[in-house]
Amino acid sequence: AVAAAMRLGAVLSALRPALPLLLGLSLGCSLSLLRASWSHGAAEERCLAPGPPAPPARGAPPEAVEGRPGPGHEDFRPRIVPYYRDPNKPYKKVLRTRYIQTELGFHERLFVAVLTSKATLNTLAVAVNKTVAHHFPRLLYFTGLRSAKVPHGMVLVAHGDERPIWLMYETMNYIHQHFGSDYDWFYIMQDDTYAQAEQVKALVTHLSINQDVYLGRAEEFIGGDEQARYCHGGFGYLLSRSLLLKLHPHLDSCRNEILSVRPDEWLGRCIIDFLGITCVSQLQGQHYHTYELAKNTEPEKEEEEDFQAALAVHPVSDMTLMYRLHKQFSRIQLDRVYQEIQDLQMQIRNLTALTPAGEAGVTWPVGINAPFLPKSRFEVISWDYFTEQHLFSCPDGSPKCELSGASKADVSEIIESAVEQLNRLYQPLLRFSKRQLLNGYRRFDPTRGMEYTLDLLLEAATQKGHSHVLAKRVSLVRPLSKVEIIPMPYVTEATRVQLVLPLTVQDLDFVANFLDMFAMNTLDTHDNALLTLLFIYHPYDAQRVSQVDVFAGVKAMVGELEKRYAEVKIPWISVKTEVPSQVKLMDIVSKKHPVDTLFFLASVWTEINMEFLNRCRMNTISNWQVFFPVHFQEFNPALVYRGEQTASSNTDFLRDGHFDRHSFAEACFYNSDYMTARTKLAADILDRDEVLESMEVFDVFLHYSGLHLFRAVEPGLVQKYTLRSCNPRLSEELYHRCVLSNLEGLASRSHLAMALFEQEQANST
Numbered sequence: 024a025v026a027a028a029m030r031l032g033a034v035l036s037a038l039r040p041a042l043p044l045l046l047g048l049s050l051g052c053s054l055s056l057l058r059a060s061w062s063h064g065a066a067e068e069r070c071l072a073p074g075p076p077a078p079p080a081r082g083a084p085p086e087a088v089e090g091r092p093g094p095g096h097e098d099f100r101p102r103i104v105p106y107y108r109d110p111n112k113p114y115k116k117v118l119r120t121r122y123i124q125t126e127l128g129f130h131e132r133l134f135v136a137v138l139t140s141k142a143t144l145n146t147l148a149v150a151v152n153k154t155v156a157h158h159f160p161r162l163l164y165f166t167g168l169r170s171a172k173v174p175h176g177m178v179l180v181a182h183g184d185e186r187p188i189w190l191m192y193e194t195m196n197y198i199h200q201h202f203g204s205d206y207d208w209f210y211i212m213q214d215d216t217y218a219q220a221e222q223v224k225a226l227v228t229h230l231s232i233n234q235d236v237y238l239g240r241a242e243e244f245i246g247g248d249e250q251a252r253y254c255h256g257g258f259g260y261l262l263s264r265s266l267l268l269k270l271h272p273h274l275d276s277c278r279n280e281i282l283s284v285r286p287d288e289w290l291g292r293c294i295i296d297f298l299g300i301t302c303v304s305q306l307q308g309q310h311y312h313t314y315e316l317a318k319n320t321e322p323e324k325e326e327e328e329d330f331q332a333a334l335a336v337h338p339v340s341d342m343t344l345m346y347r348l349h350k351q352f353s354r355i356q357l358d359r360v361y362q363e364i365q366d367l368q369m370q371i372r373n374l375t376a377l378t379p380a381g382e383a384g385v386t387w388p389v390g391i392n393a394p395f396l397p398k399s400r401f402e403v404i405s406w407d408y409f410t411e412q413h414l415f416s417c418p419d420g421s422p423k424c425e426l427s428g429a430s431k432a433d434v435s436e437i438i439e440s441a442v443e444q445l446n447r448l449y450q451p452l453l454r455f456s457k458r459q460l461l462n463g464y465r466r467f468d469p470t471r472g473m474e475y476t477l478d479l480l481l482e483a484a485t486q487k488g489h490s491h492v493l494a495k496r497v498s499l500v501r502p503l504s505k506v507e508i509i510p511m512p513y514v515t516e517a518t519r520v521q522l523v524l525p526l527t528v529q530d531l532d533f534v535a536n537f538l539d540m541f542a543m544n545t546l547d548t549h550d551n552a553l554l555t556l557l558f559i560y561h562p563y564d565a566q567r568v569s570q571v572d573v574f575a576g577v578k579a580m581v582g583e584l585e586k587r588y589a590e591v592k593i594p595w596i597s598v599k600t601e602v603p604s605q606v607k608l609m610d611i612v613s614k615k616h617p618v619d620t621l622f623f624l625a626s627v628w629t630e631i632n633m634e635f636l637n638r639c640r641m642n643t644i645s646n647w648q649v650f651f652p653v654h655f656q657e658f659n660p661a662l663v664y665r666g667e668q669t670a671s672s673n674t675d676f677l678r679d680g681h682f683d684r685h686s687f688a689e690a691c692f693y694n695s696d697y698m699t700a701r702t703k704l705a706a707d708i709l710d711r712d713e714v715l716e717s718m719e720v721f722d723v724f725l726h727y728s729g730l731h732l733f734r735a736v737e738p739g740l741v742q743k744y745t746l747r748s749c750n751p752r753l754s755e756e757l758y759h760r761c762v763l764s765n766l767e768g769l770a771s772r773s774h775l776a777m778a779l780f781e782q783e784q785a786n787s788t
């Protein structure tokens, strides 16, 4: 018995640490079983309840039946489209949508329609377009009759009839036909309405899309039902997509049966009679605040809470009042943002004091990311020195250049902001005014924005009129704001690329390799790419072309390619010139191709491959963007390897060269864009053709087109090392750029240092 008791005590002592765990598991299982039995009993009671279920209210969406979602809910759930292949039909490739949201049936959020007229199109409608149009994702103007000239930047739809009811009827039909399947919310407003765009967008983000919504300023019908309301058109109103889809089949009946003078009353009566839905000013906890302007109202003096909280203001009698309202509401919104920033900064300070770092962990400015901390000397971000007149870190590499353009405006704004902040801190005791900027430093920190350090010579004046000159150092940060996705036009990889290869006598040794790579990477793979050769003859060689053609060997190689690939034709163009200006050569090629041609201006050292051609297609957008790739230039193998075997792996070869930022020889652009920019250039230089010798195609697009110039490193565009011949007949800038490209393409600093070290050792011995 004693032995058994000892064994039991040993077992209990061993299980004692796990005893709380076992008790917890037992208690949890017991409670879960009890809860399941209660839920089951409640469900049985509901099932046994006598009588049929209550019918849904008029206009409300049917609820789910037997656990399945009702028709009003099916449209708002992602759908997986099953793939079924009919064995009796031949196989056909399945085409997927470009974006997953299209395949899943997602919609854009908000569409805005502005009702205007021929009389107010060039006044109030223009004011709406300049104040709030750029805040809405999609906005269209609807009118009965249009004027002869449509204001710039406005998308106008004219229905051909100025009758108000007809205009409303045609507008609702047009919205349903063209945008009914693309947007979740539709906001209808008049051109004499000022709407706070950001507030309207915030409103729709807080509303559920699975309900029929008719939201606005609810008004009573004259002599009508006391319970029915319509939304006043002057203050705008919001319609959900589900309501629009249900309303569309009844629009014709409403036009024929409902008589009304006001279009908003007509629409409200149509929605009530056929859908049983009335206008509401409050839904799902969200209020549609409006404010009615009185005559001779001064927006700057309006301090009522109703005015500041209004989403829509009506009536706006003229353009000036519209701009004044926009200015006042922008100021109100800005004050709210500043107050919110101060509150957040105070919360950050209070919370940071409780962290292990304490108050030392608070960064400046509060709420902005801390400065970037480099891990090595190669990651240190350098500061650029500037004064009010000059910049000492210039884009072209020169030590000093004049401060102009955006940089000058940036410096002026920073100095003005610094003095303003000092006065805000020290007034009314002191009043500062700028005498001079002694020193200025700035750098761009990718983690937070542009940082500035200013040494200012200031004059401080007291309240008694005494003044004193002092120097003060201030630090400022222009933080990175909200990142926006720039909408880009749709492009495909099926566009044909027309390669243009200019050739001179100095390039003859490299043509064979270029043609071999072109045949292997484009002709053998059946890539949609063509080649045009441009033979540049020196005047002396052009005179002797009948006896000795310097390009005879190249023409023979082209003939062999055309025999090998029967469907391929490689045309060539002969040009006689002493100075092969890139712009003049491109003028000749441009005239011989259609305007929709996608050109790739190549060099003889370029190794063409399918990967780069696809990027050329994707990065070049007609009437939007041109692409100037930065090719990878391999170093001189005699200096890099010094007799050793070259690197073979793909990861090592990038260390044996550099991206040549001095070269602009390669370019991808559309012929139509080049012709447009070239026309502007011709009007600027008139008949001074010698100016073209100092320009490249890059300069034409940079100075004479409003297109985006996309310049990026291109690892798929690799060039073997060669010492290029720089033509001294070109402009000084182009010649200097060519020489720099040759010098920087010799080898890296470490390779050059090793070569010099070995040479000095050899000389010393």
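Each residue of the sequence shown is one higher than the one before, starting from 24 at the first, in this note's numbering.
Idealized CB from N, CA, C, for every residue including glycine.
Keep in mind the model is a prediction, meaning the values are calculated, not measured.
With the cut-off set at 7 Å, would you say residue 296 and residue 263 are in Cβ contact? no
Can you list, in chain order, the residues of its chain with a C-beta nearer than 6 Å to that of residue 461? Leave out the 5 residues immediately preceding and following it. 478, 480
Residue span of the alpha helix (DSSP H) that contains residue 729, given as start and end: Premise fails: residue 729 is in no alpha helix (DSSP H) and is neither H nor E.
Near residue 762, what residues of its chain come up, given a Cβ to Cβ distance below 6 Å and the 5 sequence neighbours on each side ignored? 749
Going straight from the alpha carbon of residue 680 to that of residue 422, what length do you get? 27 Å
Using a Cβ distance threshold of 8 Å, determine whether the stretch 638 to 649 contacts the stretch 688 to 705, with at least three qualifying pairs required. yes
Would you call the CB atoms of residue 210 and residue 261 closer than 7 Å? One thing to note: residue 210 has its Cβ within 7 Å of the Cβ of residue 261.
Would you tell me roughly how many angstroms separate the C-alpha atoms of residue 281 and residue 230, rounded to the nearest one? Taking the straight line from one Cα to the other gives about 30 Å.
Nearest to residue 405 by CA position, among 374, 426, 466, is which residue? 466
Thinking residue 258 and residue 206 are a contact (beta carbons under 8 Å), I'd like their distance in whole angstroms, please. Their Cβ separation, rounded to whole angstroms, is 21 Å, which puts residue 258 and residue 206 out of contact at 8 Å.
DSSP three-state call for residue 64: helix, strand or coil? Annotation note: pLDDT 45 at residue 64 (below 50); position unreliable, coordinate value reported separately. Three-state result, residue 64: helix.
Evaluate residue 527 with the Cβ neighbour count: other Cβ atoms within 10 Å of its Cβ, from every protein chain shown; 16 or more gives buried, anything less gives exposed. Counting Cβ neighbours within 10 Å, residue 527 comes out buried, since at least 16 surround it.
Please give the ranges of any beta strand (DSSP E) in the stretch 485 to 549, keeping only runs that are unbroken, at least 3 residues long and fully inside the region. 490 to 502, 520 to 526
How many Å lie between residue 574 and residue 557 at the Cα? 11 Å
Pull up the DSSP beta-bridge partners for residue 477, would you. In the DSSP assignment, the residues bridged to residue 477 are 463, 497.
Taking the C-alpha atoms as reference points, what is the distance between residue 288 and residue 244? 7 Å
4 or more residues per run - each alpha helix (DSSP H) lying fully within the stretch 559 to 621: The stretch 559 to 621 contains these whole alpha helix (DSSP H) runs: 562 to 566, 575 to 587, 605 to 614.
Thinking C-beta only, is residue 138 closer than 7 Å to residue 215? Not in contact: residue 215 and residue 138 (Cβ atoms no closer than 7 Å).
Grouping DSSP H, G and I as helix and E and B as strand, with all else coil, what is residue 311? coil
Is the stretch 542 to 549 touching the stretch 626 to 640 in the sense that three or more CB pairs, one from each, lie closer than 8 Å? yes
Take residue 683 and list the residues in its own chain whose beta-carbon comes closer than 7 Å to its own, dropping the five residues that flank it on each side. 653, 654, 656, 764, 768
According to DSSP, residue 208 sits in a beta bridge with which residue or residues? Residue pairing of residue 208 in beta bridges, as defined by DSSP: 133, 263.
Does DSSP put residue 341 in a helix, in a strand, or in coil? For residue 341, the secondary structure class from DSSP, reduced to helix, strand or coil, is coil.
Between which residues of its own chain and residue 193 is the CB-CB distance below 7 Å, once the five residues before and five after are set aside? 182
Measuring straight from C-alpha to C-alpha, what distance separates residue 564 and residue 531? 14 Å
Proximity winner among 325, 326, 269, relative to residue 299 (alpha-carbon distances): 269
I'd like to know whether the C-beta atoms of residue 311 and residue 238 end up nearer to each other than 7 Å. Judged by beta-carbon spacing, residue 238 lies within the 7 Å limit of residue 311, meaning their Cβ atoms are closer than that value.
Whose C-beta lies closer than 7 Å to the C-beta of residue 728 among residues of the same chain, with five residues either side of it excluded? Taken in chain order, the residues that qualify are 696, 699, 700.
Assuming residue 472 contacts residue 501 (C-beta within less than 8 Å), just tell me the rounded distance between them. 5 Å
Could you pull the start and end residues of the alpha helix (DSSP H) that residue 331 belongs to? 328 to 331
Run through the stretch 682 to 741 for me and flag every whole beta strand (DSSP E) of 3 or more residues, listed as ranges in chain order. The stretch 682 to 741 contains these whole beta strand (DSSP E) runs: 690 to 693.
Which one or two residues does DSSP pair with residue 175 in a beta bridge? The partner list for residue 175 (beta bridge, DSSP) is empty, contrary to what the question assumes.
Status (buried if at least 16 other CB within 10 Å, exposed otherwise) for residue 343: It counts as exposed.
Leaving out five residues before and five after residue 203 in sequence, what residues of the same chain have Cβ atoms less than 8 Å from its Cβ? 264, 267, 268, 271
Suppose the cutoff is 8 Å on Cβ atoms and the five residues either side in sequence are ignored; what does the same chain contact list for residue 349 look like? 154, 155, 217
Label residue 341 either buried or exposed according to how many other C-beta atoms from any shown protein chain fall within 10 Å of its C-beta, with 16 as the threshold for buried. Residue 341 counts as exposed, since fewer than 16 other C-beta atoms from the protein chains shown sit within 10 angstroms of its C-beta.
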